[in-house]
Amino acid sequence: MRHNLFVPNKMPYAKGKNRPDVPCILCAIVEKNDKVQRLEVHRTEHFTISLNLYPYSPGHLLIFPNRHVLDVRELNQKEVQELHELQCLCFEALTCGYQPRGFNVGYNMGDASGASIPHFHLHVVPRYPRELGFMDVIGGARIIIEDPNATQEKLVQIFQELATDNHPRKETQNEQV
7 MRHNLFVPNK
17 MPYAKGKNRP
27 DVPCILCAIV
37 EKNDKVQRLE
47 VHRTEHFTIS
57 LNLYPYSPGH
67 LLIFPNRHVL
77 DVRELNQKEV
87 QELHELQCLC
97 FEALTCGYQP
107 RGFNVGYNMG
117 DASGASIPHF
127 HLHVVPRYPR
137 ELGFMDVIGG
147 ARIIIEDPNA
157 TQEKLVQIFQ
167 ELATDNHPRK
177 ETQNEQV
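Following the numbering used here, the numbering of the sequence shown begins with 7 at its first residue and continues without gaps.
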């Protein structure tokens, strides 16, 4: 039997309602536009890492280019390499902060894929044991038990520590090399 998953709080956004009046929400985040809620946790010269406004689990991150790109094939080789390095950095930061038991990673390109934002972005979704709870099964709602602003604050600190090699977990890894 096939079951459909439904995220009701995202539906108005996906249909264009409740969206900020900006040409591209991810470009607006990069530009620090006050019309959009910014949940940025880390930025490099070419990419921004932000919490997803409609997370599937605590710590659900998006990695996206600072320039407007529709398709992964538009990235140059240096950007492709940096994207992979940032994906690994996300794994490390989320492991330090949340101890997930796994990750889902992927992107949707184009309307037919389910992409709701016309700007290339990579999803990094931490997965936890026993995620499916009573509210998921009976109420059709997922309970996210951490405020996105608290998640942002926590992950900004971890990304800063990892970027400066001051995080205890990174120091342990460096000693093993």
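Positions of the beta carbon are idealized from the N, C-alpha and C atoms, including for glycine.
None of these values were measured; they are calculated from a predicted model.
Span of the alpha helix (DSSP H) around residue 3: Within the shown structure, residues of the chain are numbered from 7 to 183, placing residue 3 beyond reach of any answer.
Distance, residue 61 Cα to residue 83 Cα: By 1-based counting over the sequence shown, the position of residue 83 is 77. By 1-based counting over the sequence shown, the position of residue 61 is 55. When rounded, the distance between both Cα atoms is 29 Å.
Cβ neighbours of residue 123 in the same chain (closer than 8 Å, five flanking residues each side left out): Looking up residue 123 in the sequence shown gives position 117. Answer for residue 123: 30, 31, 32, listed in chain order.
Cβ shell of residue 108 (< 7 Å), same chain only, five flanking positions each side left out: For the purposes of this step, residue 108 is taken as residue 102 along the sequence shown, with counting starting at 1. The answer, listed in chain order, is 133.
Residue 136 to residue 156 span [Cα, whole Å]: On the sequence shown, residue 136 is found 130 positions in, with the first residue counted as 1. On the sequence shown, residue 156 is found 150 positions in, with the first residue counted as 1. Rounded to the nearest whole angstrom, the C-alpha separation of residue 136 and residue 156 is 23 Å.
Where residue 56 falls, given that 16 or more other Cβ within 10 Å makes a residue buried: Here residue 56 is taken as the residue at index 50 of the sequence shown, counted from 1. With 16 or more other Cβ atoms within 10 Å, it is buried.
Inter-residue Cα distance where the pair is residue 3 and residue 115: This structure gives no information on residue 3, because the portion of the chain shown stretches from 7 to 183.
Contacting residues, own chain, Cβ-Cβ under 7 Å from residue 85 (five flanking each side not counted): If you number the sequence shown from 1, residue 85 lands on position 79. Setting aside the 5 residues that flank it on each side, residue 85 is surrounded in the same chain by 52, 71, each with a C-beta closer than 7 Å to its C-beta; the list follows chain order.
Cα-Cα separation between residue 58 and residue 96, rounded to whole angstroms: Within the sequence shown, numbered from 1, the residue matching residue 58 stands at position 52. Within the sequence shown, numbered from 1, the residue matching residue 96 stands at position 90. In a straight line, the C-alpha of residue 58 is about 13 Å away from that of residue 96.
Residue 51 - DSSP class collapsed to helix/strand/coil: Here residue 51 is taken as the residue at index 45 of the sequence shown, counted from 1. Coil.
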